[in-house]
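Residue numbers (the numbering used here), protein chains in the order written: chain A, 13 to 128; chain V, 43 to 317.
Glycine residues also receive a C-beta, built at the ideal position from the N, C-alpha and C atoms.
These numbers were taken from a predicted model, which means no experiment stands behind them.
Reading through the structure tokens given below for one structure.
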Amino acid sequence: MSLSRMLSSATLLAAIALVFVVFAADAENAVEIQLSYKDKKFDPAEIGAPANTPIAIKLRNLGAGAMEFESKTLHVEKVVAAGGDATINVRAQKPGRYEFFDEYNEKTARGALVVK
Amino acid sequence: MIPALIIVFREVFEAGLIVGIVLAVTRPVPHRNRWIGGGVLAGVLLACVVAAFAGALSNLFAGMGQELFNAAILSLAVVMLTWHNVWMARHGSELAGELRRAGRAVVEGSKSLLALAIVVGVAVLREGSEVVLFLYGVLAAGSDTSWSVALGGFAGLALGAVICMLTYFGLVRIPMRKLFTTTTVLIALLAAGMAAQAAAFLEKANWLTAMDNVVWDSGWILSDTSIPGRALHTLIGYTDQPTEMQLTVYLAILAVTFVLMRLYGAPAKAAAIRS
Numbered sequence: 013m014s015l016s017r018m019l020s021s022a023t024l025l026a027a028i029a030l031v032f033v034v035f036a037a038d039a040e041n042a043v044e045i046q047l048s049y050k051d052k053k054f055d056p057a058e059i060g061a062p063a064n065t066p067i068a069i070k071l072r073n074l075g076a077g078a079m080e081f082e083s084k085t086l087h088v089e090k091v092v093a094a095g096g097d098a099t100i101n102v103r104a105q106k107p108g109r110y111e112f113f114d115e116y117n118e119k120t121a122r123g124a125l126v127v128k
Numbered sequence: 043m044i045p046a047l048i049i050v051f052r053e054v055f056e057a058g059l060i061v062g063i064v065l066a067v068t069r070p071v072p073h074r075n076r077w078i079g080g081g082v083l084a085g086v087l088l089a090c091v092v093a094a095f096a097g098a099l100s101n102l103f104a105g106m107g108q109e110l111f112n113a114a115i116l117s118l119a120v121v122m123l124t125w126h127n128v129w130m131a132r133h134g135s136e137l138a139g140e141l142r143r144a145g146r147a148v149v150e151g152s153k154s155l156l157a158l159a160i161v162v163g164v165a166v167l168r169e170g171s172e173v174v175l176f177l178y179g180v181l182a183a184g185s186d187t188s189w190s191v192a193l194g195g196f197a198g199l200a201l202g203a204v205i206c207m208l209t210y211f212g213l214v215r216i217p218m219r220k221l222f223t224t225t226t227v228l229i230a231l232l233a234a235g236m237a238a239q240a241a242a243f244l245e246k247a248n249w250l251t252a253m254d255n256v257v258w259d260s261g262w263i264l265s266d267t268s269i270p271g272r273a274l275h276t277l278i279g280y281t282d283q284p285t286e287m288q289l290t291v292y293l294a295i296l297a298v299t300f301v302l303m304r305l306y307g308a309p310a311k312a313a314a315i316r317s
């Protein structure tokens, strides 16, 4: 019985491994955008990117506290420690204006990504 | 105070739902409070550790540490939930029957409890580390408003506990016989949703780039960031813009659960009918 149980775990793990096969990172063709965060403000407050191209936002948190970069429309959420750097990968987007904010200061700390 | 309450509540909402479901699922199992409580406590402690090392964690794997960490612990929860379902398919009837009197249920039941305690721990850990970072940031800033913000944060935590209780009391109203089927389906959907979420994290880390086309966009009907959307996101893995990969993983987990329950659950059921 414990053998069958082991087999079942093994089958499951194999299935998950099969599904989670790691594909080579396809990040070379992503457009990099630099962004910094300090005193509850994004700098620059508006960033631009071409449409239908993966985007990598390089965010540097120059503030004294941790922040959480979030965008509902881009479906990203990432905690950035005080003084830390982060890369936020965004899949290719259609033209439009995508707002993002620091979840810990949603009202004041806002910015937008304009895809053209 | 109110923004803090909302931020913290949003984070603990998901954990509250999961703990409520697990409490309902484990209702007939002896000593379950100890295990589930242990899971919550371990989750809180680990959340503090993760928050303390948040910077170091994100720097791992070329800046994708957070995403991979989330994907890993979600996968762990998926394995535990699926294992629980398969285990219950085999031992559920025994548990409610004579084994309980024989006292073996304590031994057998604790295996399944460990799996669910891990699930609870993972849920608390994931949401908790963000709450810890937020509250720590506010208190460290030491401004006049920090206590009011912290108060809001703790009120948010309390509301999360209310969600947990509502889920629990909602589920335990279901009669025992139907509860088993209900929770089996709930847990299978929970696991599939978590697996799809894990796939989403791997996609964000660029570790998973195949089949990354968005299948549909139902954000105009129900955004997955609204409260009902978030509840459905946790419960059945609802996403308003799923990719082909997320959908595949979701269906694969449901299929795997079904097959495993059929394969390993059947003998015990047959035995129960014969006796």
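- Excluding its 5 nearest sequence neighbours in each direction, Leu86(A) has C-beta neighbours in its own chain below 6 Å: Val102 and Tyr110, listed in chain order.
- Close to chain A, meaning a Cβ-Cβ distance shorter than 9 Å, are the following residues of the stretch 262 to 294 of chain V: Ser265, Asp266, Thr267, Thr281, Asp282, Gln283, Thr285, Met287, Thr290, Val291 and Ala294.
- At a cut-off of 8 Å between beta-carbon atoms, Asp97(A) makes contact with chain V.
- For the pair Lys90(A) and Met79(A), the Cα-to-Cα distance works out to about 8 Å.
- Listed in chain order, the non-local C-beta contacts of Val64(V) below 7 Å within the same chain comprise Ile78, Leu158, Val161 and Val162, local neighbours out to five positions each way being set aside.
- If you look at Gln239(V), you'll find it in the alpha helix (DSSP H) that goes Met218 to Lys246.
- For Arg52(V), the enclosing alpha helix (DSSP H) covers residues Ile44 to Val67.
- Between Ile115(V) and Arg168(V), the CB-CB gap stays under 8 Å.
- In this structure, the alpha-carbon of Gly95(A) lies about 14 Å from that of Phe54(A).
- In the DSSP assignment, Gly123(A) falls within the beta strand (DSSP E) that extends over Arg122 to Val127.
- Only exposed fits Val126(A), as fewer than 16 other CB atoms lie within 10 angstroms of its CB.
- The contact set of Glu115(A) on chain V, defined by CB atoms closer than 7 Å, consists of Ile49 in chain order.
- For Thr99(A), the enclosing beta strand (DSSP E) has its first and last residue at Asp97 to Val102.
- At least 8 Å separates the beta-carbon of Ala113(V) from that of Leu231(V).
- Around the beta carbon of Phe55(V), 16 or more other beta carbons lie within 10 angstroms, which makes this residue buried.
- Gly279(V) sits away from Ala241(V), with the two beta carbons spaced by 8 Å or more.
- Across the structure, Ile229(V) and Thr124(V) are spaced so that their CA atoms are roughly 8 Å apart.
- Setting aside the 5 residues that flank it on each side, Gly123(A) is surrounded in the same chain by Phe54, Ala57 and Phe112, each with a C-beta closer than 6 Å to its C-beta; the list follows chain order.
- Less than 8 Å divides the Cβ of Leu47(V) from the Cβ of Gly198(V).
- Counting only Cβ-Cβ distances below 7 Å, Leu175(V) has contacts in chain A at Ala78 and Val91, in chain order.
- Ala93(V) and Gly179(V) have their C-alpha atoms spaced approximately 11 Å apart.
- Out of Ala121(A), Leu74(A) and Val88(A), the CA that lies nearest to the CA of Met106(V) is found in Val88(A).
- For Arg103(A), the nearest CB of chain V lies under 8 Å from its own CB, placing it at the interface with that chain.
- Not a single CB atom of chain V sits nearer than 8 Å to the CB of Val127(A).
- Interface annotation for the stretch 153 to 176 of chain V against chain A: Ser171, Glu172, Leu175 and Phe176, criterion Cβ-Cβ distance under 9 Å.
- The C-alpha of Ala200(V) lies about 14 Å from the C-alpha of Val191(V).
- At a cut-off of 8 Å between C-beta atoms, Lys220(V) does not count as an interface residue with respect to chain A.
- In chain A, no part has a C-beta under 9 Å from the C-beta of Asn127(V); the shortest such distance is about 11 Å.
- Taking 8 Å as the cut-off, the beta carbon of Pro270(V) is found closer than this to the beta carbon of Leu264(V).
- A direct Cα-to-Cα measurement between Leu99(V) and Val301(V) gives close to 37 Å.
- For Gly79(V), the uninterrupted alpha helix (DSSP H) segment begins and ends at Arg74 to Ala94.
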